[in-house]
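**Student:** Handing you this structure, nothing more for now.
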């Protein structure tokens with residue numbers, strides 16, 4: 304059967320229907336895209352501007368407002384209640400944006416990292432909260448599948464569209480002598496992602512969420528990808544990690560810090576495979592999937608212990624950073640997830656994104672959060688090193704001091720570089736007579 308493409312009038316009607324369904328999401332995307340284009344096009348000296356704050360709020364607002372809109376549909380809220388919840392989401396994104404400096408150029412990367420963390424949290428919110436009180440596992444799996452597939456399709460079209468238009472711009476430059484500045488390609492990427500990708504993705508979000516409960520078709524490519532790509536990768540990871548675990552036990556030596564990345568890779572790949580195969584695990588021909596899923600959580604228990612030892616080795620030597628904090632947090636999350644799927648009779652897959660959503664926000668704020676703990680750890684290490692080498696005396700850095708050994712100099716330099724990149728120098732400013740603002744915004 305030939306592929307039937309939608310007419311222009313149908314595409315316009317679909318776009319209009321999507322806007323009516325997600326007005327605040329699309330307005331936020333349009334405003335954020337416009338601000339981003341202005342920032343890219345600006346050629347003057349860097350200076351403070353509220354446009355950075357608007358862009359950050361728009362990025363955060365997309366998953367937050369989308370999740371609220373879908374939740375309102377799923378729970379059949381009234382129009383006024385749905386609009387009110389989304390307006391509250393707009394206010395929340397706006398309040399967050401106030402924490403973003405207006406002069407973001409050269410600012411510490413903590414603002415980018417926090418944006419990534421919070422955006423990831425709201426993406427998990429959109430995946431989990433609409434189905435929080437839903438009992439049909441198949442319907443929830445189909446909901447997640449539809450969002451993931453639509454997102455992948457949107458970005459496939461985005462890349463093709465951008466590549467085609469970018470080549471057209473390059474042709475105008477090279478063949479007809481039309482001057483096309485390099486930043487136009489970046490602006491084109493932002494424009495397509497901000498407007499087309501967002502609109503296209505939202506147009507494919509299922510409208511009849513109740514019908515997903517009855518869908519029994521399973522994408523063949525999912526099974527092929529999980530069974531012939533992810534599952535072999537899980538086995539490779541498993542052999543390597545358990546061989547390394549045996550080496551540790553025989554030599555009675557601490558595990559290397561790098562192995563934590565391999566453990567997290569193994570667990571992430573294994574969980575992805577199990578979740579992809581979840582709807583067909585009860586079928587007679589796929590009994591191995593259910594067995595493998597049950598044993599997977601038992602198998603990773605020793606690896607979680609090894610993860611803690613590997614991260615603790617790095618922490619004991621070099622203190623806590625955001626990466627090590629997150630590795631510990633993931634280990635603690637696994638200490639909840641693993642017993643749940645081993646002991647619980649329900650074993651609802653919704654528990655995975657929902658618990659991750661809660662964990663993401665739990666570690667993103669407060670004195671216990673990843674940013675505060677990491678900064679305090681590194682500042683404490685720096686204070687100890689400077690005090691030990693008579694550089695920091697009575698709370699003030701001395702310009703004249705004895706020579707410092709190479710290893711200590713290396714560690715001091717590493718910590719200062721870390722603070723400059725991630726947090727800035729506010730925490731150590733009291734140690735200096737002169738302002739450090741010229742080096743850290």
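In the numbering used here, the protein residues as written are 304 to 744. Where a beta carbon is used, it is the ideal one built from N, C-alpha and C, also for glycine.
Taking the Cβ atom as the reference point for each residue, do residue 634 and residue 411 lie within a distance shorter than 7 Å?
**Tutor:** As a first step, residue 634 must be located in the chain shown, where it is residue number 331. As a first step, residue 411 must be located in the chain shown, where it is residue number 108. It is not a contact, given that the beta carbons lie outside the stated cut-off.
**Student:** Can you name the start and end residues of the alpha helix (DSSP H) that residue 555 belongs to?
**Tutor:** What you label residue 555 is simply residue 252 of the chain shown in a count that begins at 1. From DSSP, residue 555 is part of no alpha helix (DSSP H); its letter is neither H nor E.
**Student:** In whole angstroms, what separates the C-alpha of residue 378 from that of residue 565?
**Tutor:** Within the chain shown, residue 378 is the residue found at index 75, counting from 1. Within the chain shown, residue 565 is the residue found at index 262, counting from 1. Residue 378 and residue 565: Cα-Cα distance of roughly 40 Å.
**Student:** Taking 7 Å as the cut-off, decide whether the C-beta atoms of residue 364 and residue 331 are in contact.
**Tutor:** As a position in the chain shown, residue 364 is number 61, starting the count at 1. As a position in the chain shown, residue 331 is number 28, starting the count at 1. Result yes, Cβ atoms of residue 364 and residue 331 sit closer than 7 Å.
**Student:** Classify residue 304 as helix, strand or coil using the three-state DSSP reduction.
**Tutor:** The residue given as residue 304 occupies position 1 in the chain shown. The predicted position of residue 304 is uncertain, since its pLDDT is 44 and thus under 50; a value taken from the coordinates is nonetheless stated next. Residue state, collapsed to three classes: coil.
**Student:** Identify every residue that forms a DSSP beta bridge with residue 618.
**Tutor:** For this step, residue 618 is matched to residue 315 along the chain shown. In the DSSP output, where bridge partners are listed per residue, residue 618 has none listed.
**Student:** Helix, strand or coil: which one does DSSP assign to residue 315?
**Tutor:** Position 12 of the chain shown, counted from the first residue, corresponds to residue 315. Three-state result, residue 315: helix.
**Student:** Tell me the rounded alpha-carbon separation between residue 421 and residue 413.
**Tutor:** Taking the chain shown and counting its residues from 1, one reaches residue 421 at position 118. Taking the chain shown and counting its residues from 1, one reaches residue 413 at position 110. Distance between the alpha carbons of residue 421 and residue 413 is about 12 Å.
**Student:** Count the other CB atoms within 10 Å of the CB of residue 735; is the residue buried (16 or more) or exposed (fewer)?
**Tutor:** In the chain shown, counting from the first residue as 1, residue 735 sits at position 432. Counting Cβ neighbours within 10 Å, residue 735 comes out exposed, since fewer than 16 surround it.
**Student:** Does DSSP put residue 700 in a helix, in a strand, or in coil?
**Tutor:** Translated into the one-based positions of the chain shown, residue 700 becomes position 397. DSSP places residue 700 within a strand segment (E or B) once states are collapsed to three.
**Student:** If I measure Cβ to Cβ from residue 739 and keep anything under 7 Å in the same chain, skipping five residues before and after, which residues do I get?
**Tutor:** In the chain shown, counting from the first residue as 1, residue 739 sits at position 436. Excluding five sequence positions before and after residue 739, the CB atoms of its chain that fall closer than 7 Å to its own CB belong to 728 and 732, given in chain order.
**Student:** Taking C-beta to C-beta, are residue 689 and residue 609 nearer than 7 Å?
**Tutor:** Indexing the chain shown from 1 puts residue 689 at position 386. Indexing the chain shown from 1 puts residue 609 at position 306. Not closer than 7 Å, so no.
**Student:** I need the boundaries of the alpha helix (DSSP H) containing residue 352, first residue and last residue.
**Tutor:** Position 49 of the chain shown, counted from the start, is the residue given in the question as residue 352. Here residue 352 belongs to no alpha helix (DSSP H), and DSSP marks it neither H nor E.
**Student:** Quick check: the Cα distance between residue 524 and residue 581, rounded to an integer number of angstroms?
**Tutor:** Residue numbering aside, residue 524 sits at position 221 when the chain shown is read from its first letter. Residue numbering aside, residue 581 sits at position 278 when the chain shown is read from its first letter. The alpha-carbon atoms of residue 524 and residue 581 are separated by roughly 14 Å.
**Student:** Could you give the distance in angstroms between the alpha-carbon of residue 493 and the alpha-carbon of residue 611?
**Tutor:** Taking the chain shown and counting its residues from 1, one reaches residue 493 at position 190. Taking the chain shown and counting its residues from 1, one reaches residue 611 at position 308. Rounded to the nearest angstrom, the two C-alpha atoms are 40 Å apart.
**Student:** Give the C-beta separation of residue 661 and residue 607 to the nearest angstrom, bearing in mind that I take them to be a contact with Cβ-Cβ under 8 Å.
**Tutor:** Indexing the chain shown from 1 puts residue 661 at position 358. Indexing the chain shown from 1 puts residue 607 at position 304. Your pair residue 661 and residue 607 does not check out as a contact, with CB atoms roughly 19 Å apart and the cut at 8 Å.
**Student:** The alpha helix (DSSP H) with residue 420 in it runs from where to where?
**Tutor:** Here residue 420 is taken as the residue at index 117 of the chain shown, counted from 1. Counting along the chain, the alpha helix (DSSP H) containing residue 420 begins and ends at 413-431.
**Student:** Just to confirm the assignment, what range does the alpha helix (DSSP H) spanning residue 400 have?
**Tutor:** In the chain shown, counting from the first residue as 1, residue 400 sits at position 97. Residue range 382-400 is occupied by the alpha helix (DSSP H) that includes residue 400.
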